[in-house]
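For the record, the sequence lines run as chains A and B. Just so you know, we're using numbering that gives the first Met the number 0 here: the first sequence kicks off at 0 and counts up by one. Just so you know, we're using numbering that gives the first Met the number 0 here: the second sequence kicks off at 0 and counts up by one. Beta carbons are placed, not taken as given, at the ideal position from N, Cα and C, and that holds for glycine. Computed from a predicted structure; not experimentally measured. For reference, the structure is listed below as structure tokens.
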Amino acid sequence: MGQITATLGKTIKEFLRQKTILFWTIAWPILWVLIGSFSFVENVPSEVVSYIRGAIAISMSVFALMTAGMANLPGNIAQDRERGLLSKLMSMPINPWRDFVGRILALLAFSSLAAILVTLVGYGCGARFSYSLIGLLQSIGFILLISLASAGIGMLIGTFIKHVHGAIMSGVGIAVVTAAISGVMTPYSSLPWLLQQFARIYPISSSSSSITFLLVGEDYAGYNPLSCCFLLEVWSPIQDFAGEKNEKLPWIIKRLVCALNSIE
Amino acid sequence: MDAITVEKLTKKYGDNEVLKGVNLKIAEGEFYALMGPNGSGKTTLASIIVSVRFPTSGKIEIYGKKPENAKELIGYVPQESFSSPILTGKENLMYFAGLLGYSKNTSEKTVNELLKKIELSEDANKRVSDYSGGMRKRLEVATALFPGIRILILDEPTTGLDPSARRKFLGLIQELRKERTTVLLITHIGADAELASRVGLIDEGKIIAEDEPERLKKVSGLRDVINIETAIKSEKVAKILGEFSEKKKVLETDVGYRVYCKDVEEATPEIVRSLDAIGCKATKIETEKPSLEDVFFKLTEKMVREVS
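Next comes the structure, spelled out in structure tokens:
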């Protein structure tokens with residue numbers, strides 16, 4: 000059992016056993032899927048209801064990924080710092096990079112579980128998707144991008160906010176506000192012009208729109224987000240550099256996503 | 000060979016010099032207690048030895064190596080409770096075994112042995128949040144007892160423990176001495192430091208005295224001490240007691256005062272009478288041998304710990 004596995008196991012157990020984390024990452028998005036699937040589809044033609052539900056399920060899955068990265072990760076780091084575990088780890092013969100990788104892998108595993116559960120509930124509520132195999136693979140890439148971008152913001156929060164509750168609530172706050180103003184939780188078409196521009200360059204909302212575009216259709220995404228991929232290339236490295244200056248992974252993944260897009 | 004060697008160690012935070020040229024040598028298998036009040040620099044010293052902080056100047060060697068190259072030899076238990084409360088005791092130890100690179104099978108065996116050693120086998124599968132303070136502290140000590148670790152550094156491990164848990168914890172530390180583990184105990188409790196084979200008294204970033212506990216007491220020149228428990232504590236009471244004490248200084252304790260006088264037998268009835276005169280009842284009065292806290296008070300005129 001290596002350092003990465005040990006950190007992965009510990010972190011994921013902590014995520015799964017904390018009620019606050021389970022509520023904000025799984026129960027809260029599921030609640031919104033249930034509300035959205037049945038409240039916002041009145042007077043809508045029956046042939047499009049299932050696709051609207053699909054778009055809602057995607058939005059809330061993205062929100063789950065956002066809360067996991069922006070609230071759970073900094074909360075976990077702040078908790079370990081507050082209780083002296085980081086001091087203990089610094090005194091041990093361990094590699095800090097392995098600890099970092101273990102935490103990120105735990106986050107990805109937990110985020111994926113949350114997103115899958117939210118999507119399944121959406122599916123149970125009648126959400127339907129229309130996709131190709133390549134579209135599905137691209138969507139997985141965008142899910143990874145959302146997780147890593149959220150983790151970047153989460154690491155920034157974890158660096159500057161030392162207290163556990165402060166870190167968690169800041170993360171939740173940033174997730175809710177940015178999701179609301181960037182079109183993750185609201186239709187892109189209902190946003191004012193300025194926020195529409197923000198939604199296009201904010202990696203999380205543009206990735207969310209890309210997934211909706213790929214799995215449900217352009218009408219439900221509000222625009223074709225894959226046409227402004229270059230903006231992701233500019234914006235995401237800046238954000239990730241600020242969060243973890245040596246973190247190269249999201250950059251590479253974004254390049255891969257763009258490469259896939261250009262092939263298509 | 001010395002397990003820990005510290006030479007002319009200084010540490011500054013801005014203009015604040017926390018450690019002022021500390022010299023320290025701890026032999027292999029020795030139980031050394033570093034005692035001092037809050038802010039005296041003892042935790043800073045420990046954290047530099049375990050590579051959590053870096054010194055401003057000076058030299059440290061762990062078995063002849065730089066501290067950062069000797070991490071595998073040191074088991075550090077910081078002051079804070081670092082175990083994860085939502086994991087079980089066993090899961091916590093398995094996590095540390097994993098960090099140290101143990102395979103799954105070896106981890107299981109080693110962790111079970113450690114749980115047995117700290118008498119937590121029966122509670123191994125309980126969540127740490129259900130543990131008492133003493134159980135939690137013993138679990139955390141176990142993270143520093145994996146095979147290969149030769150130096151145990153404990154930072155104020157008994158703070159916050161009830162008397163029973165404290166005794167049990169100290170019993171565990173005494174057991175470890177039989178295994179030739181070098182122990183550095185950081186404390187502000189005199190009774191804990193008494194268990195050590197050698198004690199260093201630290202104040203304002205300097206080690207002001209260092210010797211075996213009994214020799215420290217002898218060298219200090221302190222004779223018997225009158226320990227008085229009073230119904231009330233006030234400046235007036237302290238002032239009256241001060242009249243009987245050397246240099247007119249008394250040490251305040253949780254339940255009363257300690258008075259240092261030349262002739263205990265003569266002073267005791269006088270003290271009772273003086274307290275009665277101001278309406279303060281002495282609930283208990285006894286003569287005791289001086290403690291390390293008395294020695295520290297004698298040397299610095301400061302209390303080593305805050306009274307509750």
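| query | result |
| --- | --- |
| Please go through the same chain and pick out, in chain order, the residues whose beta-carbon is closer than 7 Å to the beta-carbon of T43(B), but skip the five residues on each side of it. | K10, V17, L18 and R52 |
| Exposed or buried, what is W23(A) when buried is set at 16 or more other beta-carbons lying within 10 Å of its beta-carbon? | buried |
| Starting from K24(B) and walking both ways along the beta strand (DSSP E), at which residues does that stretch end? | N15 to A26 |
| Over what stretch of residues does the alpha helix (DSSP H) that includes A54(A) continue unbroken? | S45 to T66 |
| Taking the continuous beta strand (DSSP E) assigned at I48(B), which residues delimit it? | Here I48(B) belongs to no beta strand (DSSP E); instead the alpha helix (DSSP H) covers K41 to I48. |
| Where in the region 124-192 of chain A do unbroken runs of the alpha helix (DSSP H), each at least 4 residues long, occur, reported from the N-terminal end onward? | 132-159 and 163-180 |
| Can you pull out the residues from the region 84-109 of chain A whose beta carbon lies closer than 7 Å to at least one beta carbon of chain B? | L84, S86, K87, M89, S90, M91, P92 and I93 |
| At 9 Å on the CB atoms, spell out the chain B contacts of Q196(A), in chain order. | Correct list: empty, because the minimum Cβ distance to chain B is about 43 Å. |
| If you drop the 5 nearest sequence neighbours on each side, which residues of the same chain put their C-beta closer than 7 Å to that of E300(B)? | K248 |
| Return helix, strand or coil for Y94(B), following the three-state DSSP convention. | helix |
| Kindly indicate if chain B contains any beta-carbon less than 9 Å away from that of K161(A). | no |
| Rounded to a whole number of angstroms, what is the C-alpha to C-alpha distance between N245(A) and S86(A)? | The pLDDT assigned to N245(A) is 49, lower than 50, so where the model puts this residue is not dependable; a value taken from the coordinates is nonetheless given after this. Distance between the alpha carbons of N245(A) and S86(A): 22 Å. |
| With a cut-off of 9 Å, does the C-beta of K70(B) fall near any C-beta of chain A? | yes |
| Keeping to the same chain, check which residues put their C-beta closer than 6 Å to that of E209(B); ignore five residues upstream and five downstream. | G199 |
| Buried or exposed for E263(A), please, with buried defined as at least 16 other CB atoms from any protein chain shown within 10 angstroms of its CB. | Interpretation of E263(A) is limited by its pLDDT of 39, a score under 50 that renders its predicted location unreliable; no figure is taken from the coordinates. |
| Looking at the structure shown, is Y75(B) part of a helix, part of a strand, or coil, going by DSSP? | strand |
| Closer than 8 Å by C-beta to L86(B): which residues in its own chain qualify, once you throw out the five before and the five after it? Chain order, please. | Y94, R126 and V127 |
| Contact criterion: CB-CB distance below 9 Å. Does G74(A) meet it with respect to chain B? | no |
| Expressed to the nearest angstrom, what Euclidean distance is found between the alpha-carbon atoms of I83(A) and L72(B)? | The question names Ile, yet the displayed sequence has Gly at residue 83(A). Using only the alpha carbons, I get a separation of about 20 Å. |
| Taking 8 Å as the cut-off, is the beta-carbon of V294(B) closer than that to any non-hydrogen atom of the ligand SAH? | The model depicted lacks the ligand SAH and carries no ligand whatsoever. |
| Which residues share a DSSP beta bridge with V5(B)? | L23(B) and I59(B) |
| Hey, out of S207(A), F159(A) and A166(A), whose CA is closest to G182(A)'s CA? | S207(A) |
| When the Cβ atoms of the region 112-122 of chain B are set against those of the region 25-44 of chain B, are three or more pairs found closer than 8 Å? | no |
| Figure out for me which residue from K288(B), K41(B) and I201(B) has the closest Cα to the Cα of L153(B). | K41(B) |
| Could you tell me how far apart the beta carbons of Y62(B) and A143(B) are, in whole angstroms, since I believe they sit closer than 8 Å? | At roughly 16 Å, the Cβ-Cβ gap does not stay under 8 Å, so Y62(B) and A143(B) are not in contact. |
| Report the option in A266(B), L98(B) and C279(B) whose CA atom is closest to the CA atom of K70(B). | L98(B) |
| Whose C-beta lies closer than 6 Å to the C-beta of V258(B) among residues of the same chain, with five residues either side of it excluded? | I225, L240, F243, S244 and V249 |
| Could you name the residues of chain A that E90(B) contacts, counting a contact when the two beta carbons are closer than 9 Å? | G8, K9 and K12 |
| Examine chain B for any beta-carbon lying closer than 9 Å to the beta-carbon of R16(A), and answer yes or no. | yes |
| Please confirm whether Q137(A) has its beta-carbon closer than 9 Å to some beta-carbon of chain B. | no |
| Using CA coordinates, which residue listed in L225(A), F14(A), L193(A) and A178(A) is at the minimum distance from I55(A)? | A178(A) |
| So is E79(B) in contact with chain C if we call contact Cβ pairs under 9 Å? | The structure shown has no chain C; the protein chains it does contain are A and B. |
| Where DSSP assigns a beta bridge to D154(B), which residues make up the other side? | I185(B) |
| Out of I284(B), S163(B) and E211(B), point me to the one whose CA is closest to L33(B)'s CA. | E211(B) |
| Would A2(B) pass as an interface residue toward chain A - the criterion being a Cβ-Cβ separation below 9 Å? | no |
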